[in-house]
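Asks: My questions will all concern the structure given below.
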Amino acid sequence: MASYSGSTGERPKGLFALTEQQQWRMEEVREIARNELVPLAHAGDPGAVNRPLLRAMGQRGLLQGLFPKSSSGQQSREAQAMELCILRESLASVNTEAETALALQGLGAYPILQSGSQEIVDEWIPKVADGTAVAAFALSETGAGSDAAALELRADPDGNGWRLYGEKIWISNAPEADIYTVFARTTPGAGARGVTAFAVPAARQGVGGEHIDLVAPHPIGTVTFDAVRVEKGEVLGEVDRGFRVAMRTLDLFRPSVGAFAVGMGQAALDAAVSYTATREAFGGYLADQQAVSHALANMATQLEASRLLVYAAASAYDSGASPHEITKRSAMAKLYATETAQFVIDTAIQLHGARGLVQGHLLEHLYREVRATRIYEGASEIQRTIIGRSLFRPSQDKK
Ligand code: COS
């Protein structure tokens, strides 16, 4: 079961911090998800890109939230972290498949929005935003996961452009995406300073790849590059400066992985509260047991702390905090929210007993779904490394 009624997530006035309009927006997104997206998610093939679902999110304006336009209708180059987190938390509390499909469009296309030429932006962003083109972010390799700067996919000079040789792995939306943002080595031996970002259409000759099955069905796989020609105009940012494009993209998206985790955690907490309030045991209700109510209290408290970290990180991003501050807050939000969600979902299962493990149960679904969030876009250990480094060089802005 990949969908559920959805938590209200309502919080009393006067407490942190989402405005009434933002809370209203969350409810609107949940409503769209419950009524329109859940049936499309269920009709899709688990583990494959769900194009009808993406098109529906385009038609309902949800994907456009990732790619805002200025008041004159021009495509803005700035994403809005708060809107991204609001979309992700509210979708996650109803349907994880819709949530992930939306997030991957943003992650795949953001390097283009941030650093692409006007031509590339005009070619791809409108199609990604209306759900007719599928985007993917291709950074990881078999020998370069946490140590992203070790990547070796080669970009060899070829006349005015380059040819790409090698393989990416663990790439969400691969091999079905239409446009890949690919990080490749243009200067051998130069570590992070020899990486260039490219926008590579999947239709280009020499692009291939295979699907990989994970514990929770997910569109993910490898992408292979066999002498794939890329042009100068397809460079995102500057040659040899692509590592920063990747890192800035992750700075934006990591808090939103936290928002995804908060949405799933809230759904699990809601389920646990409602179950323990009605399940009879030992002559009363489960919730009457102090061990149970204390477990629920810990879940609720840590979830709320996660939410605060997530929205604080998003608001730091949107309000133009220093790059250093953004990076640190982004890492803290992802670390704490994903670790918390794993704990909350696990505890919710403990409170449900064996019924929480039955295939198709909401909690069984969330248990499988939450695991990857502590690994992708930087494992928890990497987030701790980033936070730890920030403590020792607080005054240096390295960007
Ligand atoms: N924003 C902009 N630039 C950044 C940055 C950021 N957040 N973080 C690092 N950089 C820049 C640095 O300033 C440095 O630039 P200069 O060479 O010009 O000084 C360069 O990038 C290299 O930075 P650093 O030396 O910190 O790189 P490291 O190899 O030590 O490691 C970590 C950086 C560990 C943070 C990085 O490899 C990482 O995030 N790993 C996880 C990767 C990941 O999330 N993979 C999942 C893929 S998506 S599912």
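Heads up, the sequence shown is in this note's numbering, so the first residue is -9 and it goes up one at a time. A virtual CB, placed ideally from N, CA and C, is assigned to each residue, including glycine.
(1) With DSSP collapsed to three states, give me the class of G156.
(2) Are I210 and A189 closer than 8 Å when you measure CB to CB?
(3) Using the Cα positions of S(-7) and A91, report the straight-line distance between them to the nearest angstrom.
(4) What's the call for D260, buried or exposed, on a 16-neighbour Cβ count within 10 Å?
(5) Per DSSP, what kind of secondary structure is E315 in: helix, strand or coil?
(6) I want to check one thing, is the minimum distance from the CB of G227 to the heavy atoms of the ligand COS below 7 Å?
(7) For T132, count neighbouring C-beta atoms within 10 Å of its own C-beta (all shown protein chains included) and say buried if the count is 16 or more, exposed if not.
(8) Name the two residues that bound the continuous beta strand (DSSP E) containing F173.
(9) Can you give me the C-alpha to C-alpha distance between A167 and G199, rounded to a whole angstrom?
(10) Are the CB atoms of L74 and L52 within a distance shorter than 8 Å?
(11) Excluding the five sequence neighbours on either side, which residues of its own chain have a C-beta within less than 8 Å of the C-beta of N163, listed in chain order?
(12) If distances are taken between C-alpha atoms only, which option among V213, A217, A302 comes closest to Q195?
(13) Pick out the complete beta strand (DSSP E) segments inside the stretch 95 to 132, 3 residues or longer, and give them in chain order.
(14) Roughly how many angstroms separate the alpha carbons of A193 and S246, rounded to a whole number?
(15) Is S283 helix, strand or coil when you go by DSSP?
(16) Extract the residue ranges of the alpha helix (DSSP H) inside the stretch 17 to 46, only unbroken runs of 4 or more that lie entirely within it.
(17) So, under 8 Å CB-CB, L81 and V172 are touching, yes? Tell me the CB distance rounded to an integer number of Å.
(18) Near I376, which residues of its chain fall below 6 Å by C-beta distance, leaving aside the five closest residues on each side in sequence?
(19) Who are the near neighbours of I161 in its chain, counting only those whose CB is closer than 6 Å to its CB and skipping five residues on each side?
(20) Sort A258, W114, M254 by Cα distance to H342 and report the nearest one.
(21) Should S105 be counted as a contact of the ligand COS given a C-beta to heavy atom distance under 7 Å?
(22) If you measure from the CB of G368, is any heavy atom of the ligand COS nearer than 7 Å?
(23) So L299 and A327 are supposed to be a Cβ contact under 8 Å. How far apart are they, rounded?
(24) Could you check whether the Cβ of L356 sits closer than 7 Å to any heavy atom belonging to the ligand COS?
(25) Looking at the strands, I want to know which residues DSSP matches up with L226.
(26) Check whether the stretch 30 to 50 and the stretch 109 to 122 touch, using three or more Cβ-Cβ pairs below 8 Å as the test.
Replies: Quick answer:
(1) strand
(2) no
(3) Residue placement at S(-7) is flagged as unreliable, the pLDDT there being 46, under the threshold of 50; a coordinate-derived value is accordingly withheld.
(4) buried
(5) Reduced to three states, the DSSP call for E315 is helix.
(6) Answer for G227: no, Cβ out of range of the ligand COS.
(7) exposed
(8) Counted as a single uninterrupted DSSP element, the beta strand (DSSP E) harbouring F173 occupies residues 169 to 175.
(9) 10 Å
(10) No, these two residues do not count as a Cβ contact at 8 Å.
(11) V39, L94, G98, V124, A125, A126, P209, I210, listed in sequence order.
(12) A217
(13) 125 to 128
(14) 30 Å
(15) helix
(16) 28 to 33
(17) So it is not a contact: roughly 27 Å between Cβ atoms.
(18) Answer for I376: A321, listed in chain order.
(19) A126, A128, V213
(20) A258
(21) Annotation for S105 indicates a beta carbon at 7 Å or more from all heavy atoms of the ligand COS.
(22) Yes, since a heavy atom of the ligand COS falls inside the 7 Å radius drawn around the Cβ of G368.
(23) 6 Å
(24) no
(25) Answer by DSSP bridge pairing, in chain order: A187.
(26) yes
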